[in-house]
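Shown next, in structure tokens, is the structure this report addresses.
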């Protein structure tokens with residue numbers, strides 16, 4: 015097939031143009047990256063909106079007293095927020111399917127060397143215990159192998175990936191705690207609302223950091239010629 019950048023013929027058995035180094039079918043890969051980026055942005059928007067709404071809900075609880083507090087009314091008012099977290103989890107699962115498609119392609123196109131077999135791009139997310147630490151390592155490996163980074167830049171990329179994964183895990187745990195929290199007393203209701211706000215904030219931050227990794231890796235892999243250097 016002809017290279018979309020320089021017009022040279024790219025053999026079917028290779029992924030990059032031998033003349034200019036551009037990736038074959040890079041437009042298709044960019045389209046997947048853009049789709050993942052936009053879905054992550056939508057997830058971040060929903061999580062941020064939920065957090066702001068919960069934060070406003072905490073104002074009446076702050077001024078309430080033990081004599082005026084009604085646990086039944088508060089429980090009914092907080093129930094829709096638990097449903098929002100459930101919907102967010104479904105949205106995250108849908109986004110995750112496309113994200114794994116993108117990561118599979120990005121891992122295959124990254125120059126290497128690779129520490130893990132390509133199959134772990136998928137199995138690493140579903141294998142118990144392993145899925146607590148392997149996915150961020152795979153993303154980090156793809157990122158740093160897709161460009162030419164100095165030590166400080168590799169450390170910066172590692173911090174972004176670590177922050178994304180920490181926020182993701184904490185956001186899941188806190189969302190579960192919020193959905194199963196107690197509102198029997200005023201103190202319990204205040205604590206549960208704060209947990210919900212923290213969960214929403216962490217989920218929004220996790221989505222934003224994931225957007226950064228998707229953007230950087232996709233940009234590096236679709237750049238023509240030599241791989242891009244460092245941060246754009």
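Numbering (our numbering), first residue to last: 15 to 246.
Ideal placement from N, C-alpha and C gives every residue a C-beta, glycine not left out.
Option nearest residue i by Cα separation, candidates the options
i: residue 234; options: 157, 190, 174 and 110; result: 157
i: residue 118; options: 138, 172, 100 and 218; result: 138
i: residue 184; options: 173, 215, 165 and 169; result: 215
i: residue 175; options: 136, 229 and 211; result: 229
i: residue 189; options: 223, 165 and 218; result: 218
i: residue 49; options: 121, 61 and 114; result: 114
i: residue 94; options: 231, 207, 236 and 129; result: 207
i: residue 194; options: 86, 96, 45 and 57; result: 96
i: residue 145; options: 116, 167, 168 and 179; result: 179
i: residue 177; options: 110, 100 and 223; result: 223
i: residue 173; options: 116, 226, 212 and 101; result: 226
Whether residue i touches residue j by CB criterion (8 Å)
i: residue 124; j: residue 67; result: no
i: residue 89; j: residue 209; result: no
i: residue 72; j: residue 204; result: yes
i: residue 133; j: residue 154; result: no
i: residue 220; j: residue 182; result: yes
i: residue 78; j: residue 200; result: yes
i: residue 106; j: residue 57; result: yes
i: residue 47; j: residue 116; result: yes
Three-state secondary structure assigned by DSSP to residue i
i: residue 232; result: helix
i: residue 78; result: coil
i: residue 48; result: helix
i: residue 212; result: helix
i: residue 55; result: helix
i: residue 197; result: coil
i: residue 149; result: helix
i: residue 217; result: helix
i: residue 227; result: helix
i: residue 154; result: helix
i: residue 129; result: coil
i: residue 186; result: helix
i: residue 66; result: helix
Span of the alpha helix (DSSP H), counted from its first residue to its last, around residue i
i: residue 98; result: 85-123
i: residue 135; result: 134-140
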